[in-house]
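Those sequence lines, one after another, are chains A and B. If you read the first sequence in the numbering used here, its first letter stands for residue 116, the second for the next number, and so on. If you read the second sequence in the numbering used here, its first letter stands for residue 45, the second for the next number, and so on. Backbone N, C-alpha and C define an ideal beta-carbon position, used for all residues, glycine too. Below is one structure, written out as structure tokens; the observations come after it.
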Amino acid sequence: MTRNRTFKQVLADAGIAMDFEAGGHAPEVVMDREVKPEPHPRSARLKELFLQTLSSANNEFPYWYTREYMAHDSEIPVVRRARALKAAFSHLTPVIYPGEKLVMHKAHYFRGSFPMPWLSEGFYVAKEDELFQDALKRGSTSADEHSKFGLGGGNVVRSFNRIVSIAGKFGMRQEEIPALLKLSKMWVGKSVDDIGHRYEQMCPDYDTKEKCMRNIVCMFDSGYTLPQGREVINYYYPLEYGFDGLIEMARERIASVAGNADGDGMVGMNRLYNYEAVVLVIEGIQAWITNYAKEARRLEAIERDAAQRKEYGDIAQCLEWIAHNPPRTFYEAFQMIETIHLGVLNEDAISGMSPGRIGQVLYPYFEQDIAAGRITEDEVLELLELDRVVKTSIDCFASCGVVGGVLSGNTFNTVSVGGLDAKGQSAANRLEYLILQAGMNNPMPQSTIALLYDEKLPEDFLLLASKVIKTGAGYPAFMNNEIGIKFMMSQYAHEGMTPQEATAWAIGGCLESSPCCWLPLHLNGKEYLIPGGAGQPTSVGIHFMSLPKILELTIFNGQDQRTMEQVVPPHDSPLATYEDLWAAFKSYWEIMCRAVEKANNIQHDVWRKNNMAVLNSLLKPDCLSRGHLINELGYRYNATFNVESAGTITMVNSLAALKKVVYDDRQATLDEVKAAIVDNFGFKDAHEINSFSIADQQKRDSDDRKWDKLHFRLLQAPKYGNDDPYADDILREWEEYFCEDCKNYTSLYAHPMYPCQISVSTHGAMGSACRATPDGRLSGTTFADASLSAYPGTDRNGPFALMNSATVWDHSNSQNSQLNIKIHPSAIRGHEGGRKLLDLTRAYMRKGGFHVQYNVVDTKMLREAQARPEEFRDLMVRVAGFTQYWVEIGKSVQDELIARTEYEGI
Amino acid sequence: MTFTYRDTREFIPVDADKGLDRLTGKLVQADTDAPAGYTRLPKCKFCKNYMEEAANIGVCGASAMDPKFMAYGDMIAVTCESYAD
């Protein structure tokens, strides 16, 4: 009898226990995290409001943008775009919530965002009927309907009352739907998506690229989805000069460059238009700030509560000042960088616009205000806690696939701490201790914190970081500073990066190492070198490529076994040897990378012609001095485009299994393995049972167990993560090939690409579209997460063995690598536990590991949260490079998180 | 005269469905009626320049474009230079 037998039960029959506990035994009872948050009351109130808030979108920004853009169809493109941006910023409705100290929002909701049909409008136009019908039929105010969507936290997973769900994530008022559709139609044939599509079809391998997308070999086109981000913003110029100063600077440059090519016959003349665009956009930002200041004054005038009235007055005063001048205090500087941050995020569809090392950026103001008694550390701590509410409230309005499948709703505003300063000494300062403390006091998904680990960092700083991890917030993640600097030099030295400048690097996005620089900030006669971003977006070249899917195509001669489409031309090799298999795999990888590379270059080229960044550009060195924006290589570092992989360890384990079972031990033929894969080893597909964890998979009723023996052999073949050279050598061979092969692909900016090895949430979505794999993983189930995490339950020799496996290759040849480890809270209790966690981390860093992060959570609690999500609204988990609320992530990733090996002791 | 909450200046929109009543500090449903005396929020639908052509969609008479650019009645107009009560 095999009815409803799960994979776990089948394995138990064979003497293989899946209830494997690594390094000890977990307590029977559910154990919560040791460290409990203690936020300031104001932070707690605003966080509570956030937890009740739904992601909401409106049309205000796109309306004014489109209205102005369409009125200037004969204008120079960059000026036309700047006019549109100015109009949009100038007309945003200001909303200030009671208790806020750091104000301004993307849109006039607490968690607001808006569509950008100039990037892509197809979704709304295609969904016209559906959206219209939803808008028309929604008139009731049913309490039943209203109570349903708690399941998704802040996600509007379905329409209710007068709210129309867009892409299962954003709620929009039904009154706005006709406008959304009308605005979207104005962009048909004009959006980056549409124009790019017209031209990408001229690539000879366009058909291959489309098949890659259709079959989820690749996720996604990047030019019109998230064209910017995974980079570090730079706040320096407004902080140093103020907005009026920047306008004055731009006007002086206009006078200098107007009509003057300065020896550059290609784009020298463009500087005039670029500076004009800079002036226009800054004026828009100033109007936006001023509108908020007016609102604060209005509220001050009508507020009855004296304390709140004073706060509105303080807010108004701050905004009135920073709209024109460089900030004078910590509070003004913090509000200014908050405003700039939101402004850049409104300029384009962006995830992963990281604030960078803000503890070092804001330190001059902190140091002087503390010394002068203008602010206390407790007041600073409260502002840092409030910043976490602001950052977590940032939503990015993009497609369902991008927001859900890749981002899990996160927007990756990562703050980096630690690292080295420009003199090569520890850069950790007192403000960074408070940033860590704020992350502990007010644990929210954003900003996640990246700690740039260096041997020079103070021990108490690292121990504090270790304590923060115990909150279960998933941060800080540890990044290896030395490895990061080596990567910077290897990728950007040809653009002029020096070893000193390399030390300014920080994490953009979740863990994309990004080039930065030091610039001299002057405050009250004292000079400080502060770090800030100096590079273009990353993760914009060849988006996530599913390595297990490419292996599937390899062993099935180019045919996808889910859709049965011939994705790539048949290689027609019998794959008689492991070397044949490996060669065919690489050949398919290269064919598909090349196809995606070309199409994305065209999309980004269309983006830079009509949709270029103006605000983000003027912030980045050296656009203001050169007079060129991002699209004309105005940034200091432009070699940022990369190749992203997904499913590395599932692929490695699969190759190891084939090598062992088919080629070395000859226990089965490749045809037998293929037949077993097609038959999913006698199991149902994961979608049939709506669970994406391998342990829950069920045998088909009709299964005759003919694949069991082969399945066990494949499962018992060597697996990555056990310090076993058999599997680890395959990882090393892949990494050496991959890191070198990426240089063969070039961006539209004519620079070679490099590897980016993170999974974000693609291991769920891509696993869902992939049949069973030769490592014994079943159809539709989630891949191993990250790039160096072991597949759940397969790392049986402890964390040090896992770390040995992970460091068989040189991590500095890649932008990143990613290792996630799940630890039971009991394993790191007390001061001693924190010390052990730090020792473990330090060991990995010393071995040459680039990144490790910890999920401190009891798996039993995750199971309870999956069963009763309404009781766990604020439960956070670390996914892969980011933290997210449990209830806001998709089931495939939830299942994978539950299944991950839990270390009971370290 | 009464308005729905979301058409008043005392309503602070939290999300598309609800907001805070600035005077009471309480969360309220956006589509419920606000107490009498609450102030009307400038919106296109209250503007003399707005000409509705179909449900929730129309044109802005203040637009300098030919033909006049679209508008939608529910858009907040507190920042619009052409808003005419």
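Asked                                                                                                                                                                                 : Found
Would DSSP call residue 425 of chain A helix, strand or coil?                                                                                                                         : helix
Thinking just about the alpha-carbon of each residue, which of A:408, A:193, A:483, A:626 is nearest to the one in residue 722 of chain A?                                            : A:193
Please name the residue, chosen from A:542, A:771, A:292, that lies closest to residue 245 of chain A on a Cα-to-Cα basis.                                                            : A:292
Whose Cβ in chain A lies nearer than 7 Å to the Cβ of residue 57 of chain B?                                                                                                          : 210, 223, 224
With distances taken from CA atoms, which of A:351, A:971, A:708 is nearest residue 856 of chain A?                                                                                   : A:708
Using DSSP with H/G/I as helix, E/B as strand and the rest coil, what is residue 989 of chain A?                                                                                      : coil
Note down, in chain order, all residues in the region 66 to 88 of chain B with a beta-carbon under 9 Å from any beta-carbon belonging to chain A.                                     : 66, 67, 69, 71, 73, 74, 75, 76
Residue 103 of chain B CB to nearest chain A CB: under 7 Å?                                                                                                                           : no
Taking C-beta pairs closer than 7 Å, name the residues in chain A that residue 118 of chain B reaches, listed in chain order.                                                         : 288, 290, 291
Strictly under 7 Å for the Cβ-Cβ distance: is residue 206 of chain A near chain B by that measure?                                                                                    : yes
Let's test the definition: count the other Cβ atoms within 10 Å of the Cβ of residue 59 of chain B and tell me whether it reaches 16, buried, or not, exposed.                        : buried
Could you check which residue in A:784, A:667, A:662 has the C-alpha nearest to that of residue 762 of chain A?                                                                       : A:662
How would you label residue 68 of chain B, buried or exposed, when you count the other beta carbons within 10 angstroms and need 16 or more for buried?                               : exposed
Checking contacts by CB at 7 Å: is residue 106 of chain B closer than that to chain A?                                                                                                : no
Taking the Cβ atom as the reference point for each residue, do residue 394 of chain A and residue 747 of chain A lie within a distance shorter than 7 Å?                              : no
Residues of chain A with a CB under 7 Å from the CB of residue 61 of chain B: which are they?                                                                                         : 169, 276, 278, 286
I'd like the list of long-range same chain contacts for residue 89 of chain B, defined as Cβ closer than 8 Å, with 5 residues on each side in sequence excluded.                      : 96, 117, 118
Using a C-beta cutoff of 7 Å, does residue 182 of chain A count as contacting chain B?                                                                                                : yes
Thinking residue 904 of chain A and residue 801 of chain A are a contact (beta carbons under 8 Å), I'd like their distance in whole angstroms, please.                                : About 19 Å separates the two Cβ atoms, so there is no contact after all.
Identify the continuous beta strand (DSSP E) that holds residue 648 of chain A and give its terminal residues.                                                                        : 641 to 648
For residue 750 of chain A and residue 865 of chain A, I'd like the C-alpha separation in whole angstroms.                                                                            : 14 Å
Considering only the beta carbon of each residue, do residue 799 of chain A and residue 815 of chain A sit closer than 7 Å?                                                           : yes
How about residue 113 of chain B: is its C-beta nearer than 7 Å to some C-beta of chain A?                                                                                            : yes
What did DSSP end up calling residue 565 of chain A once you bin it into helix, strand or coil?                                                                                       : strand
Which residues in the same chain as residue 922 of chain A place their Cβ atom closer than 8 Å to its Cβ, once the five residues preceding and following it in sequence are excluded? : 959, 962, 963, 964
For residue 109 of chain B, go through chain A and note every residue whose CB falls closer than 9 Å to its CB, in chain order.                                                       : 182, 185, 186
Spatial neighbours of residue 389 of chain A within its chain, please: C-beta separation below 7 Å, excluding the five flanking residues on both sides.                               : 193, 742, 743, 744
In whole angstroms, give me the CA-to-CA distance for residue 838 of chain A and residue 916 of chain A.                                                                              : 5 Å
At which residues does the alpha helix (DSSP H) containing residue 782 of chain A begin and terminate?                                                                                : No alpha helix (DSSP H) holds residue 782 of chain A; DSSP gives it neither H nor E.
By the three-class DSSP mapping on this structure, what secondary structure does residue 721 of chain A have?                                                                         : helix
What whole-angstrom Cβ distance do residue 467 of chain A and residue 627 of chain A have, given they're in contact under 8 Å?                                                        : 7 Å
Have a look at A:131, A:285, A:327 and flag the residue whose alpha-carbon is nearest the alpha-carbon of residue 664 of chain A.                                                     : A:327
Report the partner residues of residue 124 of chain A according to the DSSP bridge assignment.                                                                                        : Residue 124 of chain A is not bridged to any residue.
My output table needs one value for residue 1005 of chain A: the three-state DSSP class, helix, strand or coil.                                                                       : coil
Buried or exposed, going by whether 16 or more other CB atoms sit within 10 Å of the CB of residue 710 of chain A?                                                                    : buried
If you count every other CB in all the chains shown that lies within 10 Å of the CB of residue 83 of chain B, and 16 or more means buried, which is it?                               : exposed
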